[in-house]
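Data block below; observations after.
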Amino acid sequence: MDPASQRVLLTEIVNSCSTSNLTYLNSIIAPKLKRDFLHDLPLELAHHILSFIDDPQSLARVSQVSRYWHQLIETEDWVWRAQCIKLFGPTSCSSLPSPKSHIAPPTSSLYTTSPTSLDAVSSTLKALSNSSSSTGLGNTATSTVLSSMLLANQSSLTPSGAFGQNAAKLRLSLTSRLAAAASVRASAIATTPSSSVSSSTTPSSRELGIASALSSLEGRTTPSKRSSLGKTRAEDSAHIDQDESQLLRHYIPPQLYRQTSYKAYFKRRYMIDRNWVSGDHTLISNTTPETGVVTSLQFDHHHIVVGCDNSRIQVFETTTGRLLRTLQGHQGGVWALEFVKGVGATGEKILVSGGCDREVRIWDMNSGKCRQVMSGHTGTIRCLKLHQLPSNNNKNPGGIQNNDNVRNSTQAKQQQQQSQHIAITGSRDATLRVWDIQTGRNLFVLQGHRDSVRCIDVHGDTLVSGSYDFTARVWSLTTGECLLLLEGHLQQIYSIAFNGEYIITGSLDSDCRLWSPITGACLATLQGHTQLVGQLQLSGDSLMTGGGDGFMYMWNLKSMVCQYRVHAHEQSVTSLCFDSKRIVTGGNDGAVKLWDRQTGKFIRNLAKTDAAIWRVAICEERVVMCMQKNGRTATEIMCFDSEAPVLPQDGYDELNSLAAAVMHDQQKLWQSDVIGSFDDLRI
1 MDPASQRVLL TEIVNSCSTS NLTYLNSIIA PKLKRDFLHD LPLELAHHIL SFIDDPQSLA
61 RVSQVSRYWH QLIETEDWVW RAQCIKLFGP TSCSSLPSPK SHIAPPTSSL YTTSPTSLDA
121 VSSTLKALSN SSSSTGLGNT ATSTVLSSML LANQSSLTPS GAFGQNAAKL RLSLTSRLAA
181 AASVRASAIA TTPSSSVSSS TTPSSRELGI ASALSSLEGR TTPSKRSSLG KTRAEDSAHI
241 DQDESQLLRH YIPPQLYRQT SYKAYFKRRY MIDRNWVSGD HTLISNTTPE TGVVTSLQFD
301 HHHIVVGCDN SRIQVFETTT GRLLRTLQGH QGGVWALEFV KGVGATGEKI LVSGGCDREV
361 RIWDMNSGKC RQVMSGHTGT IRCLKLHQLP SNNNKNPGGI QNNDNVRNST QAKQQQQQSQ
421 HIAITGSRDA TLRVWDIQTG RNLFVLQGHR DSVRCIDVHG DTLVSGSYDF TARVWSLTTG
481 ECLLLLEGHL QQIYSIAFNG EYIITGSLDS DCRLWSPITG ACLATLQGHT QLVGQLQLSG
541 DSLMTGGGDG FMYMWNLKSM VCQYRVHAHE QSVTSLCFDS KRIVTGGNDG AVKLWDRQTG
601 KFIRNLAKTD AAIWRVAICE ERVVMCMQKN GRTATEIMCF DSEAPVLPQD GYDELNSLAA
661 AVMHDQQKLW QSDVIGSFDD LRI
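In UniProt numbering, the protein residues as written are 1 to 683.
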């Protein structure tokens, strides 16, 4: 019958049908007219379409449309990496490996694409979707095979030695299970009646070759074992003996999964941002019996270090707030401190402090012992910076010779590659000193200021300093000479910031000045404050200033205009810090406040006390506040990360705040009253 006759016949049949029959006919026809366009498109195009979804809530709803869509979103880290970049910025994933770089092994008869190609998962994902939909194997087999793929192809990440041997054993057994699962799928498809198998579910030669390809990779699995493994899906899933369980538990590093899961990383950062706004957090408060004023604060994921004017330095554990030790040795108030990790061949964590006793002390953070005392200043040390000189500029300043004749020798190359860790101190004796913190040797004495050096900053091999003599100076850390003299302020300089492109100074004359580090010319005078500008933070082209008038200003340095002006506190702003999303300020009015970074809009109070806030510091998931509370010195830690309270190993400090946070933090405590939890959306 020709198509025209078919249409006439169908029309007559439909016209003669009752309403109930038409309803039944519609239930048959409607599903056949539906088409899963993401399933039919190449995986790269499907990813491109999904990349236009910039709302995680919409992405979560998309994942509930079908099993294939769910698998497409769940198993492809490229989707979540795009979300991370859109919501958290292009540098948010810089510490994480490339998505799916671990899927395809360097050499394999299964895949012929490069390790970063999406084809490695594309064929498997579509084959599993087709076979599971036609045979009823479901999501379990799919998840089992994909999980096995992730673990079985970690050969390029496996170290040598005993660990490598055990991991190799694990890969071998996992490959066995993967081959068995592929055999189950192939046999299930083969036994399905031909009338019930559409052309889209017919196994390709590549799909049917999975079992044999994996068997060739496995190499030593016996036929009897393969046969027993491949009998049923239930037997395949159950075939994990005690040895394999132990290997999975003890020899697969947990950070392996965390580092390669962009979804977990995204979810964690998303929840942290929500908790900042909603106020859900874990609070740890530590009140000491002492009454010292906190003069300096620094913290990382392991330690919080607080310097006080009572000559003591307190070291707390970041995750628990527990006081680890009190460092005693200074004979006067500690006015400046800073710590750094990775000093020397052993990568030690070193703390450097200075104060009223005019001494610079170097402490071992692990043991709490004072390693060196460096003398030379004749006045109170008021500011301090630690810095690692670039290796190409490390010319051993201070008289250490560099022999050109032996530059090609191994020893000379090693010396050239080693970066020098230095400390720069500024004092009320009007001088700055540069110290080698590994040897304790004074490399330079920088003279030129005529009054107290109040603030310093450093970038590359260039140092800038601000003084009570109304001037700022630019110094070379390679030669120790003064490069530029910056004059223009009418009163003392209290704050300075330098990023290599701009030098910013804040003064008691209520002005901020923008300087060129090349010519020393004043590029702009930023006016608006009516009192001392004591707080500066510079990030890219954005400058945040806080003053004694209680106001904070956000400046755009490209256009030299003020983006917004906010009356933040009733009294002076004592602390100010911001990141890409938020601003946190502390004031003499006893309040710590949270503001929106883009608009300057007030969000909420983080803390309120009856006395001054001395110091505030933030990271992506935490805020540390030092204040006076009921006449005592108090340190409070707010953690907005609700994930596992695991302290990371030392080797993961280099991951950025939340890349490392895929591994650690406080107790699980949040409510889902803002925009609905991720768990509710099943992503």
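Just so you know, even glycine gets a beta-carbon here, dropped at the ideal spot from N, CA and C.
Next on the checklist: If you follow the alpha helix (DSSP H) that methionine 271 is in, where does it begin and where does it stop?
Outcome noted: 262-278
Next on the checklist: Buried or exposed, going by whether 16 or more other CB atoms sit within 10 Å of the CB of valine 306?
Outcome noted: buried
Item to check | Three-way DSSP call (helix, strand, coil) for isoleucine 518 in this model | outcome: coil
Checklist entry - Where are the beta strand (DSSP E) runs, 3 residues long or more, that stay fully inside the segment 302-344, in chain order? => result 303-308, 313-317, 323-327, 334-343
Item to check | Counterpart residues of methionine 544 in DSSP-defined beta bridges | outcome: Gln537, Met554
Checklist entry - Where does the unbroken alpha helix (DSSP H) through alanine 30 begin, and where does it stop? => result 19-33
Item to check | Delimiting residues of the beta strand (DSSP E) encompassing glutamate 636 | outcome: 632-639
Checklist entry - Assuming threonine 585 and tryptophan 614 make a contact with CB atoms under 8 angstroms, what is their CB distance in whole Å? => result So it is not a contact: roughly 13 angstroms between Cβ atoms.
Next on the checklist: Suppose you measure from the CA of alanine 430 to the CA of serine 507; what does that come to, to the nearest Å?
Outcome noted: 17 angstroms
Checklist entry - What is the rounded straight-line gap between the Cα of glycine 321 and the Cα of cysteine 512? => result 37 angstroms
Next on the checklist: Here's the rule: buried if 16 or more other CB atoms are within 10 angstroms of the residue's CB, otherwise exposed. What is phenylalanine 52?
Outcome noted: exposed
Next on the checklist: Measuring alpha carbon to alpha carbon, tell me which residue in Leu386, Gly426, Ile350, Ser367 is nearest glycine 379.
Outcome noted: Gly426
Next on the checklist: How far does the alpha helix (DSSP H) with serine 353 in it extend, from its first residue to its last?
Outcome noted: Counting along the chain, serine 353 falls outside any alpha helix (DSSP H), though it belongs to the beta strand (DSSP E) covering 348-355.
Item to check | Helix, strand or coil at tyrosine 494 according to DSSP, with G and I counted as helix | outcome: strand
Next on the checklist: Measuring straight from C-alpha to C-alpha, what distance separates valine 14 and methionine 1?
Outcome noted: 18 angstroms
Checklist entry - Is the CB-CB distance between leucine 38 and alanine 30 below 8 angstroms? => result no
Item to check | Inter-residue Cα distance where the pair is cysteine 84 and leucine 59 | outcome: 13 angstroms
Checklist entry - When DSSP labels each residue in this structure, what does asparagine 442 get in the three-state scheme? => result strand
Next on the checklist: Does tyrosine 502 come out as helix, strand or coil in the three-state DSSP assignment?
Outcome noted: coil
Checklist entry - Exposed or buried, which one is alanine 345 when buried takes at least 16 other CB atoms within 10 Å? => result exposed
Next on the checklist: Just to confirm my understanding: we take aspartate 357, look at its own chain, exclude 5 residues before and 5 after, and list those with CB closer than 6 angstroms. What are they?
Outcome noted: His330, Gln331, Gly332
Item to check | Which of helix, strand or coil DSSP assigns to histidine 47 | outcome: helix
Item to check | Buried versus exposed, by CB contacts within 10 Å (16 or more), histidine 567 | outcome: exposed
Next on the checklist: Tell me the residue span of the beta strand (DSSP E) that contains leucine 9.
Outcome noted: That residue, leucine 9, is in no beta strand (DSSP E); its alpha helix (DSSP H) goes 3-15.
Next on the checklist: Give me, in chain order, the residues of the same chain whose beta-carbon lies closer than 6 angstroms to that of aspartate 364; leave out the 5 immediate sequence neighbours on both sides.
Outcome noted: Arg371
Item to check | Integer-rounded CB distance, given that leucine 384 should sit under 8 angstroms from alanine 423 | outcome: 6 angstroms
Checklist entry - What is the DSSP secondary structure of arginine 67, reduced to helix, strand or coil? => result helix
Checklist entry - From this set, Val533, Gly528, Gly368, Ile504, which residue's C-alpha is nearest glycine 520's C-alpha? => result Ile504
Checklist entry - From the DSSP output, which residues share a beta bridge with alanine 617? => result Val624
Item to check | Nearest-angstrom Cα separation, counted from serine 63 out to tryptophan 475 | outcome: 57 angstroms
Checklist entry - Based on the DSSP secondary-structure assignment, which residues constitute the bridge partners of methionine 374? => result Val360
Next on the checklist: Suppose you measure from the CA of phenylalanine 551 to the CA of serine 367; what does that come to, to the nearest Å?
Outcome noted: 42 angstroms
Item to check | For isoleucine 456 and leucine 485, believed in contact at Cβ under 8 angstroms, the rounded distance | outcome: Their Cβ separation, rounded to whole angstroms, is 15 angstroms, which puts leucine 485 and isoleucine 456 out of contact at 8 angstroms.
Next on the checklist: Just to confirm, is the Cβ distance from leucine 594 to glutamine 537 under 8 angstroms?
Outcome noted: no
Next on the checklist: Less than 8 angstroms between the beta carbons of valine 343 and histidine 421, yes or no?
Outcome noted: yes
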